[in-house]
Amino acid sequence: MNAPTDRGWSRRCTVVVAAAGYGKTVAVRGWLGDRSARWCDGPDVAALATAGPDWLTSIGDRSAIDLPAGEPSWLILDDVPRLSRRRLQTLLDTLEQLPPHLRVVLVTRHPPTLPQRQSGLLAEHGPTDLRLSLDQVASVLAADHSLTDPALAARIHAATGGWPALVTLAARTAAAAGTNWHDPTEPGTLLESYLAREVFAELPPEVHRLLRDAAHLDPIHPDLAGVLGHRHSVRQLDHLARAGILVPVTAGGHTYRMVPVVASVARRRLPLGPAATQHLHARAAAWYAEHGHLVPALRSYGRSGVAEAAAPVLDGHGAELIASGGAEAVVDAYQALPERARSDGLRLLYGEALQMRGDFDAALAVYATLDARREALPAGLAWQYGLVHYLRGEPQTALEVFQRGQLDPHPSTDNVRLLAWTASAQWTTGNAEACRHNAERALVAATAVGGDAALAAAHTALALDAKLRGDRPAADEHHERALRAAEAARDTIQVTRIRANRASALVGEGRYLEALAEVRPAVELAHSNGHAAMLALALCNEGSAYFRLGQLAEANECYERAVPLLQRMGSRKVAYPLVGIGDVHALRGRTTLARAAYEEALRASEPVDDHQIQVPALAGLARVLAAEDGAAAFALAQRAVELERGPDSATARLALGWVALEIGDHERAATVALMASTAARLHRDRAALAEALELRGAAAVDVDDTRQAWREAAATLRDIRSAVAADRLAVLLSRLPGADPQERVDALLAAERLTAAGVPPPTLRRHGPCRVAQVTVRTLGRFEVYVDGAQVLATAWQSRKARDLLRILASRRGRAVPREQLGEMLWPAQDPERVSHRLSVALSTLRGVLDPERRTSTDHFVIAAHPSLALDVDHVELDVEEFLTEAAHGFRLAEHGETDDARATLLLAEQRYRGDFLEDEPYDDWSRSTREEARRVYLRVVRKLASLAHGVDETVRHLGRALELEPYDEGVHGEFVRTLTAAGRHGEAAQAYRRYVEAMSSIGVPAQARGDLFTPGGSVA
């Protein structure tokens, strides 16, 4: 709930009502915050049930004296007893005599009967405002009980409905029981005792009988309660809902569902005998069936002792039950039927329900019985029979069954589904022509039928055909039409499949956030309607979106959830999540695990010719084998290219290109990159297009061509939010010769993000053109030079003057220095002709040190224009230049409010500053200006980091470093003392103040009084 002025808090009276344990008092304190309020409880509030209006007037007058005049204040009456309608009316009448600025809050367990004529005076808040969300339940379990299993949090949330006290009690039981505890509704717990004592005992006697009956029924409605003999059902159900014992099925509706753990306890504490239970369910089942509550009707018929009565519901509403997610109820109801009631139509329905819940072997057994060795199969049997094989990842076997199907002589939805699923199986095997033919036939048949369910099936098949042909606009249009039709038909199975397919298409186009928005409802739908195969499909597509976004942990979790689902079904489609798991391992550099996942995926998919997953499995395996066995990898990649159809064309060709590059065939890699680009453009696959650019750049001979291709690829990846792929390219770009300072800064941040994601930053070892020497010059602290990662030893210089020449050029940071000036610095007051010769020798020596194998042009590291020399900082990593660039970038980010990136960048700069510029040669005049500039910037860096710090200790560390550099900076001293004082570290603050006084005394500056030294809330710039 929001601030007290919101949602009725400004009215004269607010009622906060819910059963015990909903956290009403705590919530009201939180909602009011530091606003003016007086609390009354205990005997004062108990008197409300008997005292006259003068009592409330007296309490109000005393509160008005205690509370500020002229501004809104609140009088909270906590734990108000049950009030009659008449007494509540008296209380409301009395409100008009209270001071106008005083509002009254009644906190009670007992839902009052609200008078209508004064409803404008009164607002009510209840369980809806008090329940804990799933995330809040998870937080309670983790913070208070060290329980971090998300599945446990979900079970407790589902069982308790977020009722705060029940969440806490269930968590205590779970923590005490350890890993053996699974059922929040089990008997004999603290939770059960609490409900019996604090909730059931507080209910009016007339509500107990309704509570007893409602505990057996889901849902409960006033009309149903009336049929069961409850005369005041509307009022009583409203009472239970306002107390939070019942939860409305829809907002504002009058159909309710009891909190599951409450229902479980009520059935034990308020028991019905077996005969009474059967009688209750028999009457409820008839009402449910009459009013279209089909799944509850089946459940109640099953518990009524007259299971055969469910047969008409199954026979008349079977398709509707399946489409709405009632497969489990259909299975239970069918199995309860006597054999005489099991018609072939009901057997077919039973087989479909078994397929829905992933029990494929049992479903096939049912269909085999109905098949009875017939040559031709009715369309309804054929598509359902073949669908089981399709969902098991056996498309060829599915096609054999589909082809035995005989279309009904009259238009039917079964005809449409047979044709549409035939097209789907042909899509899986890559038979584009047959897929299109049957998808078009499905649309003709659906048009003849005219039903929404039929149109949804046909347009889904046409979308697959369009995707296979690379016609993305047509695929989008058919998906949209399919979804509208499926939703109109209330066919949750079709909706789940279509959303999952649309998510797959969006992933293919690089629209990952849209894909997640599309697939998450599909996951929830599949979970709620119990379709195990569709849930696995949706999880795979959700994992793909997360993977492309660089959220690898989330991606892996989705894939790992899908694997056991498919394994339990015996489905060869387990190859799909296995390839996803392989992709995650490969990106993280775990090639052995990646290889195992890809090989397992191939073992699952190859026997059934599922080309849609064989291609990415072959491509992934080829890439992880390339470094170890180039010939085998090349053969695997070629096979992927031979099998590819449609959207996987770019995937196969990219694998072939990377393998070609690995074995040294740059020309083939470049050619394949162009082919992959063409395929990616056809299918609007921007991620593949970016990777094709990366491959083209890696195969290029010229560094500038590589840089241009990689920059374009990185820009594309950033556009589609493919974070890990973009960060990998950022690192590679920084390692190319001539990378600009900004790219090197970006690469450092990218490398940190990759490491945090568990992805090793890439190297140029197998990328791009032939490498040149990598030269690093360290000037912050001791002067050191590294070539290809190895430090240049003193003996390698041969000449101290060559070393001094590099130090002077480094101090100029890429700016040209006239030769005459260099000569005067190195050999002061000597013959200019001899100096010129010596300078040339020193330059030659320097170049030999920086490029001992002569892999680059002579001007690559040191530019020698005739009158001057300059260090090329685009080709040399000069730490002082990197430091100043990182600092400037961090300050810009801070100015633009990007504080997290600013802090990360400035921390990089702070870590790079190992000491003052050339501190081992502090007396050279030519180094002074650079030393002072770097020192000034470093002081700004640590001060800014202090203002951006995460926690007091980090702030203190940065401020302490600033004082080491500049011990007389009064502003830093003040911030140091303020920070320690605000953190309650008063002893340290006193010591810091004494150091400040001593510092000021040493330079003859009067110290300020401690209270005047800083302004609370000030910050360090």
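First residue of the sequence shown? That's 20 in our numbering, and the numbers climb one at a time after it. Here a beta-carbon is modelled for each residue, glycine too, at the ideal position from N, C-alpha and C.
Q.
I'd like to check one pair, L333 with L368: are the Cβ atoms closer than 8 Å?
A. Cβ atoms of L368 and L333: closer than 8 Å.
Q.
Applying the 10 Å Cβ sphere with the 16-neighbour rule, what's the burial state of V186?
A. The residue is buried, with at least 16 neighbouring Cβ atoms inside 10 Å.
Q) If you draw a straight line from the alpha carbon of P583 to that of A594, how long is it in whole angstroms? A) Counting only the Cα atoms, A594 lies some 12 Å from P583.
Q) Apart from the five residues just before and just after G424, which ones in its own chain have a Cβ nearer than 6 Å to its Cβ? A) Cβ within range, chain order: L396, A398, A401 and L437.
Q | Nearest-angstrom Cβ-Cβ length linking H992 and L1032, presumed shorter than 8 Å | A | Indeed, because the Cβ distance is near 7 Å, the residues count as touching under 8 Å.
Q: Note down the Cα distance separating L621 from L481, rounded to an integer number of angstroms.
A: Rounded to whole angstroms, the gap between the alpha carbons of L621 and L481 is 28 Å.
Q) Going straight from the alpha carbon of T795 to that of L869, what length do you get? A) Approximately 9 Å between the Cα atoms of the pair.
Q) First and last residue of the alpha helix (DSSP H) that includes P267? A) Here P267 belongs to no alpha helix (DSSP H); instead the beta strand (DSSP E) covers L265 to P267.
Q: Step through the CB atoms of chain C and report whether any lies within less than 8 Å of the CB of V643.
A: Considering every chain present, this structure includes no chain C. It has just one protein chain.
Q.
Let's test the definition: count the other Cβ atoms within 10 Å of the Cβ of A304 and tell me whether it reaches 16, buried, or not, exposed.
A. With a threshold of 16 other beta carbon atoms within 10 Å, A304 meets it and is buried.
Q: Compute the beta-carbon to beta-carbon distance between V126 and V47, rounded to the nearest angstrom, for a pair I have assumed lies under 8 Å.
A: With a beta-carbon spacing of about 6 Å, V126 and V47 fall inside the 8 Å limit used to define contacts.
Q | First and last residue of the uninterrupted beta strand (DSSP E) at I95 | A | I95 -> beta strand (DSSP E) spans S92 to V99.
Q) With distances taken between CB atoms, is the gap from A294 to Y275 smaller than 8 Å? A) Going by C-beta atoms, A294 is not nearer than 8 Å to Y275.
Q: Consult DSSP for R530 and reduce its assignment to one of helix, strand or coil.
A: Three-state result, R530: coil.
Q. Hey, would you say M694 sits closer than 8 Å to H550, going by beta carbons?
A. Judged by their CB atoms, M694 and H550 are not nearer to each other than the 8 Å cut-off.
Q: May I have the straight-line CA-CA distance separating R853 from E843, to the nearest angstrom?
A: Spanning the two alpha carbons is a distance of roughly 12 Å.
Q: Kindly indicate which residue of R664, A467 and A473 has the alpha-carbon position closest to the one of Q631.
A: The residue among R664, A467 and A473 with its C-alpha nearest the C-alpha of Q631 is R664.
Q. Opposite W306 in the DSSP bridges: which residues?
A. Its beta-bridge partners do not exist; DSSP assigns none.
**Q.** Sheet register partners of T795 (DSSP bridge)
**A.** For T795, which the question treats as bridged, DSSP gives the partners Y805 and E896.
Q: Report all residues from its chain with a CB closer than 7 Å to the CB of H786; omit the five preceding and five following residues, and keep chain order.
A: Unreliable placement is indicated for H786, whose pLDDT of 47 sits below 50; the coordinate value is still reported in the next sentence. When the five nearest sequence neighbours on each side are left out, the beta carbons in the same chain lying within less than 7 Å of the beta carbon of H786 are those of A717 and L751, in order along the chain.
Q: Please list, in chain order, all residues of the same chain as D363 whose beta carbon is under 7 Å from its beta carbon, the five residues on each side excluded.
A: Closer than 7 Å at the Cβ level, and outside the excluded window around D363, lie L389.
**Q.** Supposed close pair A177, P279 - CB separation, criterion 8 Å
**A.** With a Cβ gap of about 7 Å, A177 and P279 count as contacting.
(Q) Taking the straight line between their C-alpha atoms, what separation do you get for A792 and R866? (A) When only Cα atoms are considered, A792 and R866 end up about 12 Å apart.
Q | Identified DSSP bridge partners for P454 | A | The displayed chain sequence assigns Cys, not Pro, to residue 454. DSSP lists no partner for C454.
Q: With a threshold of 16 other CB atoms inside 10 Å of the CB of Q1010, please say whether the residue is buried or exposed.
A: Of the other Cβ atoms in all chains shown, fewer than 16 fall within 10 Å of the Cβ of Q1010; this residue is therefore exposed.
Q: Kindly list the residues whose CB is nearer than 7 Å to the CB of V246, restricted to its own chain and excluding five residues on each side of it in sequence; keep chain order.
A: In the same chain as V246, and ignoring 5 residues on each side of it, the C-beta atoms closer than 7 Å to its own belong to R302 and W306, in chain order.
(Q) Taking the alpha carbon of A220 as the reference point, which residue from F902, L783, Y987 and A39 has its own alpha carbon closest? (A) Measuring from the Cα of A220, the nearest candidate turns out to be A39.
Q: Below 6 Å CB to CB, which residues in the same chain sit around G1074 once its five sequence neighbours on both sides are set aside?
A: Residue 1074 falls outside the range modelled here, since the chain spans only 20 to 1040, and no answer is possible.
**Q.** Sequence ranges, alpha helix (DSSP H) only - wholly within the region 419 to 486, length at least 4
**A.** Counting only runs of 4 or more, we get 432 to 448 and 451 to 468.
(Q) Would the region 518 to 531 count as touching the region 561 to 572 if we require 3 or more Cβ pairs under 8 Å? (A) Counting Cβ pairs under 8 Å, three or more are found: they touch.
Q.
Please classify S323 as buried or exposed, where buried requires at least 16 neighbouring CB atoms within 10 angstroms.
A. A buried status is given to S323, since no fewer than 16 other beta-carbon atoms sit within 10 Å of its beta-carbon.
**Q.** Helix, strand or coil at E339 according to DSSP, with G and I counted as helix
**A.** Here E339 sits in helix by DSSP.
Q. L640 and E618 look like a contact to me (Cβ under 8 Å); what is the Cβ gap, rounded to whole Å?
A. Confirmed, Cβ separation roughly 7 Å.
Q.
Less than 8 Å between C-beta atoms, sequence neighbours within five positions excluded: which residues of the same chain meet that for P1035?
A. For P1035, the predicted structure reports a pLDDT of 43, less than 50, and the residue's modelled location is therefore unreliable. A value from the coordinates is still provided. The answer, listed in chain order, is R997 and A1001.
Q: To the nearest angstrom, report how far apart H478 and V435 are at their CA atoms.
A: Distance between the alpha carbons of H478 and V435 is about 10 Å.
Q | Cutoff 7 Å; reference H227; Cβ partners in own chain excluding five residues on either side | A | So the qualifying residues of the chain are L289.
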